[in-house]
Amino acid sequence: MKRIFGMALGVTLSLSASVATAQTAASCPAGLDPVAQCYKGQDANGAFYWIAMPKQWNHTLIMHSHGGPRLSAITQESNIEDLQRFAVTVRQGYAWAGSTYRRPGYGVRMAAEDTENLRQIFVARFGQPARSILHGQSWGGNVAAKGIELYGKQYDGMVLTNGMLGGGSLNYLHRADLRAVYQYYCGNHPRPDEPQYPLWMGLPLDSTMKSKELAARVNECTGVALPAASRTAQQQRNLDDILGVIRIPERTLVSHLNWATFTFRDLVQRVLGGRNPFSNRGVVYHGSHDDAALNRGVQRFDADPQAVADLAHDSDMAGTLNVPAISLHAIDDPTALVEYESEYRNLLRQAGHGDKLVQVFSDEHDHSKLADAEYAAVFDSLSAWIDKGKKPTPDSIAADCVKQSQQFGGGCHIKTGFVPQSLFSRVNPRK
1361 MKRIFGMALG VTLSLSASVA TAQTAASCPA GLDPVAQCYK GQDANGAFYW
1411 IAMPKQWNHT LIMHSHGGPR LSAITQESNI EDLQRFAVTV RQGYAWAGST
1461 YRRPGYGVRM AAEDTENLRQ IFVARFGQPA RSILHGQSWG GNVAAKGIEL
1511 YGKQYDGMVL TNGMLGGGSL NYLHRADLRA VYQYYCGNHP RPDEPQYPLW
1561 MGLPLDSTMK SKELAARVNE CTGVALPAAS RTAQQQRNLD DILGVIRIPE
1611 RTLVSHLNWA TFTFRDLVQR VLGGRNPFSN RGVVYHGSHD DAALNRGVQR
1661 FDADPQAVAD LAHDSDMAGT LNVPAISLHA IDDPTALVEY ESEYRNLLRQ
1711 AGHGDKLVQV FSDEHDHSKL ADAEYAAVFD SLSAWIDKGK KPTPDSIAAD
1761 CVKQSQQFGG GCHIKTGFVP QSLFSRVNPR K
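Residues in the sequence shown are numbered consecutively from 1361, following the working numbering.
Right, here's the structure in full:
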């Protein structure tokens, strides 16, 4: 019998570049027309893609795995923002290719397969690059780290930027806790007069709730969209309690609840067939004004073992890394916790591949976009590592970043000497 998870993800489809529709030349985004020719197309599985080929190509290909998972319908324009965000690499002379993936929603193996499909399309059209680098941003970091284990023979190196590197089993635990803690204090997601459902479900499939309504409910309970002086005493207390227990920035409370609502609905109900991969049984929540009351009253749920296994099969890494890799992560990333880096580092060390990873950190406060000079330094440092066999250090990457900032701007914010702690030192309830 086939695994339900594999069937839902559609990962049994064969890789094929030959039946893809032809590329169409297109105007490049981000003002890249003077330095590159861009192409757009759609692969045999329905994934749209963009390719940017520098007019002075350095014969290195960057295969980009985007973040998300995005839930809106895919179109040809869905990943233009990814090319815009990393346009600096094209200006450096790297070819860039990125897929939308074949459908919205969760599926790490699916996304990794679609990235590999596009690599084959690129090779069929432009020939074999001298080097190929796999790049994952945000959730795409999970896709790339999994993809390097599945298709590593096709790559010479990997870059991870603000990656969700805990794998599916760890990436979402604090968001499952957030749903439970939020509901204890706010009681409006769902409201008492609405159909009740287990919180790990995210939302019922037939729910018509949109992100704006969710944001309004969060503001109703916590006043998070209001200046602190305009919040009621109860709103401020609710907000303090939620953030005291679930250690995420105030500015991203709504975003994390969005993932714990709409992404959970997609992951749990469409991908895992309605089975729950999360558990908070036995978790002792602390950091509120009354921890005893919180732990007595919070909703508890137990994971389904098959759902746990299926999620791990799709998105957890084994620690296999046979190519040089550099990760860049903002220390104050409000979305993909910097502590994910410690989990990936320890996994690689346990598997005997820790020497293949160099981690660098910046003191920026953003998730989706870091300084161009930092990206330029990371990709050039990795290329030199591949070509010359000399492993870079955070100090050498920081020094190169200073040089790159003279051309690409944005400053250089790499902070050497930083070592991320365990994820469970940050995810307070599971400490």
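Backbone N, C-alpha and C fix where the C-beta goes; we use that ideal spot for every residue, glycine too. None of these values were measured; they are calculated from a predicted model.
State the beta-bridge partners of Ala1400 as determined by DSSP.
Rather than Ala, the amino acid found at residue 1400 in this sequence is Lys. DSSP, once it has assigned bridges, lists Thr1384, Trp1410 as partnering Lys1400.
Counting only the same chain and skipping the five closest in sequence on each side, list residues whose C-beta sits under 6 Å from that of Val1720.
Result list for Val1720: Leu1688, Pro1754, Ile1757, Ile1774, in chain order.
Evaluate the contact criterion for the region 1725-1739 versus the region 1443-1459: three or more CB pairs, one atom per stretch, below 8 Å.
Counting Cβ pairs under 8 Å, three or more are found: they touch.
Grouping DSSP H, G and I as helix and E and B as strand, with all else coil, what is Arg1491?
Arg1491: strand per DSSP, three-state reduction.
Of the choices Tyr1557, Arg1551, Ser1590, whose alpha-carbon is the least far from that of Leu1574?
The candidate whose alpha carbon is nearest that of Leu1574 is Arg1551.
Can you list, in chain order, the residues of its chain with a C-beta nearer than 8 Å to that of Thr1435? Leave out the 5 residues immediately preceding and following it.
Closer than 8 Å at Cβ, skipping near neighbours: Phe1408, Thr1460.
Do you know offhand how far Ser1432's Cα is from Met1470's?
Taking the straight line joining both Cα atoms gives about 17 Å.
With 16 other CB atoms within 10 Å as the buried threshold, where does Tyr1700 fall?
Looking at its Cβ environment, which holds 16 or more other Cβ atoms inside 10 Å, Tyr1700 is buried.
Report the residue ranges of all beta strand (DSSP E) runs contained in full by the region 1459-1512; include only those spanning at least 3 residues, in chain order.
Entirely contained in the region 1459-1512, the beta strand (DSSP E) runs reaching 3 residues are, in chain order, 1491-1497.
May I ask which residues mark the beginning and end of the beta strand (DSSP E) holding Gly1517?
First-last of the beta strand (DSSP E) with Gly1517: 1517-1521.
What span of residues does the alpha helix (DSSP H) with His1673 cover, start to end?
Unbroken alpha helix (DSSP H) run through His1673: 1665-1675.
In whole angstroms, give me the CA-to-CA distance for Gly1647 and Ile1606.
Cα to Cα, Gly1647 sits roughly 8 Å from Ile1606.
Could you check the C-alpha separation between Leu1538 and Ala1678 for me, to the nearest Å?
If you take the alpha carbons of Leu1538 and Ala1678, they lie about 27 Å apart.
Work out the CA separation of Asp1601 and His1649 for me, nearest whole Å.
Cα to Cα, His1649 sits roughly 6 Å from Asp1601.
Excluding the 5 residues flanking Ser1378 on each side, which residues of the same chain have their C-beta closer than 6 Å to its C-beta?
With a pLDDT of 44 at Ser1378, under the threshold of 50, the predicted position of this residue should be treated as unreliable, though the coordinate-derived value follows. So the list is empty, once near-sequence residues are dropped.
Within 10 Å of its beta-carbon, does Pro1789 have 16 or more other beta-carbons around it, so buried, or fewer, so exposed?
Answer is buried; the Cβ neighbour count reaches 16.
If Ala1540 sits next to Val1614, beta carbons under 8 Å apart, how far is it from one beta carbon to the other, in whole angstroms?
Ala1540 to Val1614, Cβ: 17 Å. No contact.
Pairing CB atoms from the region 1633-1647 with CB atoms from the region 1667-1678, are three or more of them under 8 Å?
Output reads yes: the region 1667-1678 touches the region 1633-1647.
Check whether the region 1515-1535 and the region 1695-1710 touch, using three or more Cβ-Cβ pairs below 8 Å as the test.
Counting Cβ pairs under 8 Å, three or more are found: they touch.
Could you tell me the alpha carbon to alpha carbon distance between Gly1517 and Ile1422, rounded to whole angstroms?
C-alpha separation (whole angstroms): 10 Å.
Quick check on DSSP: helix, strand or coil for His1727?
Three-state result, His1727: coil.
Please name the residue or residues paired with Val1720 in a DSSP beta bridge.
Looking at the DSSP assignment, Val1720 forms a beta bridge with Leu1688.
Between the alpha carbons of Ala1455 and Ala1490, how many angstroms are there, rounded?
Their backbone Cα atoms lie some 11 Å apart in a straight line.
Going straight from the alpha carbon of Leu1563 to that of Gly1604, what length do you get?
So the two alpha carbons sit approximately 25 Å from each other.
Whole angstroms is fine: what's the gap from Lys1533's alpha carbon to Ala1696's?
According to the sequence shown, residue 1533 is Leu rather than Lys. Computed Cα separation, rounded: 12 Å.
Just to confirm my understanding: we take Lys1716, look at its own chain, exclude 5 residues before and 5 after, and list those with CB closer than 8 Å. What are they?
Leu1681, Asn1682, Val1683, Pro1684, Ala1685, Leu1708.
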